[in-house]
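Going by this note's numbering, the sequence shown runs without a break in its numbering and finishes at 221. A quick write-up on the structure given underneath.
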Amino acid sequence: DIPDGMMGLFSVPLAGLTQIFFFCGVCELAIWPASNYSGDYGCGYGRPFVPNFLEGDELKYKLDMELNQGRAAMLGIMGAMVGEAVTGQTLAEQVASGNLIGYGPP
Numbered sequence: 116d117i118p119d120g121m122m123g124l125f126s127v128p129l130a131g132l133t134q135i136f137f138f139c140g141v142c143e144l145a146i147w148p149a150s151n152y153s154g155d156y157g158c159g160y161g162r163p164f165v166p167n168f169l170e171g172d173e174l175k176y177k178l179d180m181e182l183n184q185g186r187a188a189m190l191g192i193m194g195a196m197v198g199e200a201v202t203g204q205t206l207a208e209q210v211a212s213g214n215l216i217g218y219g220p221p
């Protein structure tokens with residue numbers, strides 16, 4: 116059984132981590148190449164089965180919004196990982212026990 120949080124990473128067998136690593140490499144190199152700086156990978160903008168005809172300011176707005184939300188998500192998960200490393204509890208355990216930094220017990 117694999118535990119929650121960062122300890123789950125150390126419970127996955129080496130073969131599983133290798134598969135994840137190679138899958139991410141294939142995605143980066145073949146499916147979504149990092150050399151495409153336009154930001155358009157042909158995946159759409161959250162509307163499945165609807166063609167996207169965005170141009171000009173609307174396209175720039177959508178791409179900037181996606182980039183900023185990605186940055187915010189990376190900061191959020193990094194904060195959760197640091198909080199887990201400091202307290203030894205996952206984010207869900209911290210919320211349930213009231214041990215979030217700046218907040219006392221309920």
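In this text, a Cβ means the ideal position worked out from N, Cα and C, and glycines have one as well. Every value quoted in this text rests on a predicted model; they were computed, and no experiment measured them.
With fewer than 16 other Cβ atoms from the protein chains shown falling within 10 Å of its own Cβ, T133 counts as exposed.
Per DSSP, T205 lies in no alpha helix (DSSP H) and is assigned neither H nor E.
The C-alpha of E173 is placed about 44 Å away from the C-alpha of I117. Counting only residues of its own chain and dropping the five nearest sequence neighbours on each side, E199 has a CB closer than 6 Å to the CB of G120, M121, T205. Counting C-beta atoms within 10 angstroms of its own C-beta, Q184 has fewer than 16 neighbours from the protein chains shown and is therefore classed as exposed. Annotation for I135: the continuous alpha helix (DSSP H) segment containing it runs 129-141. Contact annotation, K177 with L169: C-beta distance approximately 6 Å; criterion of less than 8 Å satisfied. When secondary structure is reduced to three states using DSSP, L169 falls in the coil class, being assigned neither helix nor strand.
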